[in-house]
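*Asks:* Structure incoming, see below.
Chains as they are written, first to last, in my numbering: chain A, 4 to 378; chain B, 21 to 90.
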């Protein structure tokens, strides 16, 4: 009997605290959302299971321990390896033609980063975070998971879990967050603006884009080179037309493997003692603020641009909301919103893809600037 | 670095993001102007398929150009 009791005392059941149960509940909610609502399932499932693993007492499966997941964390996230590899895959999967056909939409991608800075300022002056922590929190507004992980692992690794969770959760909640802001900031007439089909872009231009953008952005902000460089490398693989095997690997097996490692290692940072703090709630709140301001920034800047454009060239300001990245969900949300509001007459999916992919570049540049100024 | 003040860092970062994306937009505009898309020639297979159908109803009609309008 004593040996049985001894065995029980050394089991996880005997050491489960209320915090572990709360974290199991959090993981359960994420699994529920991922499966029933299909909210970012490829990431929320690994993240939520990572949360479960990290909260098994005595199992040493947290990212900050010494077990196998800590090995992934130490060698994949702390070394900055995994987020740039995700960007490589994203580059392969991204078609920049809608952006190249309307270069002006680059600016919408820039304007939709404003939430990053609003949230960062709020983090310091409302909640007392340090500058580095504030930058890591603010980048949630870039709506780009790998960029958030990349920046927080460098500037505030202790906040990696809540920041990544907020980034991916809000990305999955774009269909809920953006429509009320779109409705509030645009008029019926503005939603009716039907942008003409953009001119097709030549193959040469499509190939020159990743080379020139990668070189220019990496030279301008070297800290952003791991992200932008890999993004553009992936896109060159896609567009060159002669590297089909690399394209299939980087956009398929590789990004899937990296997503599994990244998701589970990020999830495993959320052991109860690291996650159940007041600062986590404030990070989630600031993330929502960042998303809302980024969405509003894109829409309002599109409206400002319209003041200077001729009647035939005006842009539908709703596409500015897609500048928050979250590719391609934000563009789809804009498309659905405008289509619903115009009884299907206006369908700006392709115009919205321009700022959408520009937002990916914009958030990576913003992360690079923060790294340069705060490291 | 904290001596910069977060607000000045944020303003600098926002300006940098705008500037870089603005310059990228200019670079891309130049590239698309220098290397424009050539007019796409009508696909002969599509012409043949359309001609077959059209000739059914309007014999001896010749299709020379296909144009898509919105």
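We put the beta carbon where it would ideally sit given N, CA and C, even for glycine.
1) Relative to the alpha-carbon of residue 223 of chain A, which residue among B:79, B:50, B:75, B:35 has its alpha-carbon at the smallest distance?
2) Once DSSP output is grouped into helix, strand and coil, what is the label at residue 76 of chain A?
3) Counting only runs that start and end within the region 154-232 of chain A, where is the alpha helix (DSSP H) found for 4 or more residues in a row?
4) Note the first and the last residue of the continuous alpha helix (DSSP H) segment covering residue 112 of chain A.
5) By the three-class DSSP mapping on this structure, what secondary structure does residue 69 of chain A have?
6) Counting contacts by CB-CB distance shorter than 8 Å, is residue 52 of chain B in contact with chain A?
7) Among residues of its own chain, excluding the 5 on either side of residue 300 of chain A, which ones have a beta-carbon nearer than 8 Å to its beta-carbon?
8) Kindly indicate if chain A contains any beta-carbon less than 8 Å away from that of residue 86 of chain B.
9) Would you mind reading off the limits of the alpha helix (DSSP H) that contains residue 101 of chain A?
10) Does the beta carbon of residue 37 of chain B come closer than 8 Å to any beta carbon on chain A?
11) Quick check on DSSP: helix, strand or coil for residue 250 of chain A?
12) Going straight from the alpha carbon of residue 43 of chain A to that of residue 331 of chain A, what length do you get?
13) Find the residues of chain B that neighbour residue 107 of chain A, judging by a C-beta separation of less than 8 Å, and give them in chain order.
14) What are the start and end residues of the alpha helix (DSSP H) that includes residue 13 of chain A?
15) Quick one: is residue 163 of chain A buried, meaning 16 or more other Cβ sit within 10 Å of its Cβ, or exposed?
16) On a Cα-Cα basis, can you pick out the residue from A:190, A:174, A:106 that is closest to residue 47 of chain A?
17) Would residue 69 of chain A and residue 156 of chain A be called neighbours here (beta carbons separated by less than 8 Å)?
18) What residue does the alpha helix (DSSP H) around residue 141 of chain A start on, and which one ends it?
19) In whole angstroms, what is the alpha-carbon distance linking residue 344 of chain A and residue 194 of chain A?
20) Are at least three pairs of beta-carbons, each pair with one atom in the region 51-60 of chain A and one in the region 18-38 of chain A, less than 8 Å apart?
21) Taking contact to mean 3 or more Cβ pairs, one atom from each stretch, closer than 8 Å, check whether the region 44-52 of chain B and the region 128-142 of chain A are in contact.
22) When the cut-off is 8 Å and only beta carbons count, does residue 360 of chain A lie next to chain B?
23) Between the region 229-240 of chain A and the region 194-206 of chain A, do at least 3 Cβ pairs fall closer than 8 Å?
24) Listing by chain order, which chain A residues have their CB less than 9 Å from the CB of residue 32 of chain B?
25) In chain B, which residues lie with their C-beta within 8 Å of the C-beta of residue 112 of chain A?
26) For residue 314 of chain A, which of helix, strand or coil comes out of DSSP?
27) Does the beta-carbon distance from residue 41 of chain B to residue 146 of chain A come in below 8 Å?
28) Is the CB-CB distance between residue 258 of chain A and residue 171 of chain A below 8 Å?
29) Using the three-state DSSP reduction, which class does residue 59 of chain A fall into: helix, strand or coil?
30) Can you check which of these residues, A:95, A:177, A:97, A:23, is closest to residue 41 of chain A by C-alpha distance?
31) Are any of the Cβ atoms in chain D nearer than 8 Å to that of residue 27 of chain B?
32) Residue 307 of chain A touches chain B at which residues, Cβ-Cβ below 9 Å?
33) Taking DSSP as the reference, what is the three-state secondary structure of residue 273 of chain A?
34) Under three-state DSSP, which class holds residue 118 of chain A?
35) Along chain B, in chain order, which residues have C-beta atoms closer than 7 Å to that of residue 103 of chain A?
*Replies:* Looking at the atomic coordinates:
1) As a working mapping, residue 223 of chain A is identified with position 220 in the first chain. Cα-wise, what sits closest to residue 223 of chain A is B:35.
2) Here residue 76 of chain A is taken as the residue at index 73 of the first chain, counted from 1. Residue 76 of chain A falls in the helix class under three-state DSSP.
3) 163-175, 177-188, 191-194, 206-223
4) As a position in the first chain, residue 112 of chain A is number 109, starting the count at 1. Residues 108-114.
5) Counted from its first residue, the first chain places residue 69 of chain A at position 66. Coil.
6) Counting from 1 along the second chain, the entry for residue 52 of chain B is found at position 32. It does: the Cβ of residue 52 of chain B has a partner Cβ on chain A nearer than 8 Å.
7) Residue mapping note: residue 300 of chain A aligns to position 297 of the first chain, counting from 1. For residue 300 of chain A, where only same-chain residues beyond five positions count, the Cβ hits under 8 Å are 114, 115, 116, 117, 118, 323, 326.
8) If you number the second chain from 1, residue 86 of chain B lands on position 66. No, no contact with chain A.
9) Residue numbering aside, residue 101 of chain A sits at position 98 when the first chain is read from its first letter. Element bounds for residue 101 of chain A: 100-104.
10) Here residue 37 of chain B refers to the residue found at position 17 of the second chain. It does; some Cβ of chain A falls within 8 Å.
11) Residue numbering aside, residue 250 of chain A sits at position 247 when the first chain is read from its first letter. Of the three classes helix, strand and coil, the one that applies to residue 250 of chain A here is helix, per DSSP.
12) Numbered from its first residue, the first chain carries residue 43 of chain A at position 40. Numbered from its first residue, the first chain carries residue 331 of chain A at position 328. One C-alpha to the other measures close to 12 Å.
13) Indexing the first chain from 1 puts residue 107 of chain A at position 104. 45, listed in chain order.
14) Here residue 13 of chain A corresponds to residue number 10 of the first chain, with the count starting at 1. Segment: none, residue 13 of chain A is in no alpha helix (DSSP H) and carries neither H nor E.
15) To locate residue 163 of chain A, count along the first chain from 1; it is residue 160. Label assigned to residue 163 of chain A: buried.
16) Indexing the first chain from 1 puts residue 47 of chain A at position 44. With distances taken between Cα atoms, residue 47 of chain A lies closest to A:174.
17) Translated into the one-based positions of the first chain, residue 69 of chain A becomes position 66. Translated into the one-based positions of the first chain, residue 156 of chain A becomes position 153. For residue 69 of chain A and residue 156 of chain A, no; Cβs fall outside 8 Å.
18) Against the first chain, residue 141 of chain A aligns to sequence position 138. Element bounds for residue 141 of chain A: 134-141.
19) Locating residue 344 of chain A in the first chain gives position 341, where the first residue counts as 1. Locating residue 194 of chain A in the first chain gives position 191, where the first residue counts as 1. Rounded to whole angstroms, residue 344 of chain A to residue 194 of chain A spans 7 Å at the Cα level.
20) yes
21) no
22) Along the first chain, one-based indexing puts residue 360 of chain A at 357. No, its Cβ sits nowhere closer than 8 Å to a Cβ of chain B.
23) no
24) Counting from one through the second chain, the residue named residue 32 of chain B turns up at place 12. Correct list: 372, 376.
25) On the first chain, residue 112 of chain A is found 109 positions in, with the first residue counted as 1. Neighbours of residue 112 of chain A on chain B, chain order: 41.
26) As a position in the first chain, residue 314 of chain A is number 311, starting the count at 1. Looking at residue 314 of chain A - three-state DSSP - the assignment turns out to be helix.
27) Looking up residue 41 of chain B in the second chain gives position 21. Looking up residue 146 of chain A in the first chain gives position 143. Cβ distance not < 8 Å, so residue 41 of chain B and residue 146 of chain A don't count as in contact.
28) For this step, residue 258 of chain A is matched to residue 255 along the first chain. For this step, residue 171 of chain A is matched to residue 168 along the first chain. Contact flag unset, no.
29) Reading the first chain from its first residue, position 56 is the one you call residue 59 of chain A. The answer is coil: DSSP assigns residue 59 of chain A none of H, G, I, E or B.
30) Position 38 of the first chain, counting from 1, holds the residue named residue 41 of chain A. For residue 41 of chain A, the nearest C-alpha among the options comes from A:177.
31) Of the protein chains in this structure, namely A and B, none is chain D.
32) For the purposes of this step, residue 307 of chain A is identified with residue 304 of the first chain, where counting begins at 1. The premise fails here: residue 307 of chain A is roughly 12 Å from chain B at the closest Cβ pair, so nothing lies under 9 Å.
33) Mapped onto the first chain, residue 273 of chain A falls at position 270. Of the three classes helix, strand and coil, the one that applies to residue 273 of chain A here is coil, per DSSP.
34) Position 115 of the first chain holds residue 118 of chain A. Reduced to three states, the DSSP call for residue 118 of chain A is helix.
35) Position 100 of the first chain, counted from the start, is the residue given in the question as residue 103 of chain A. Here the neighbours are 48, 52.
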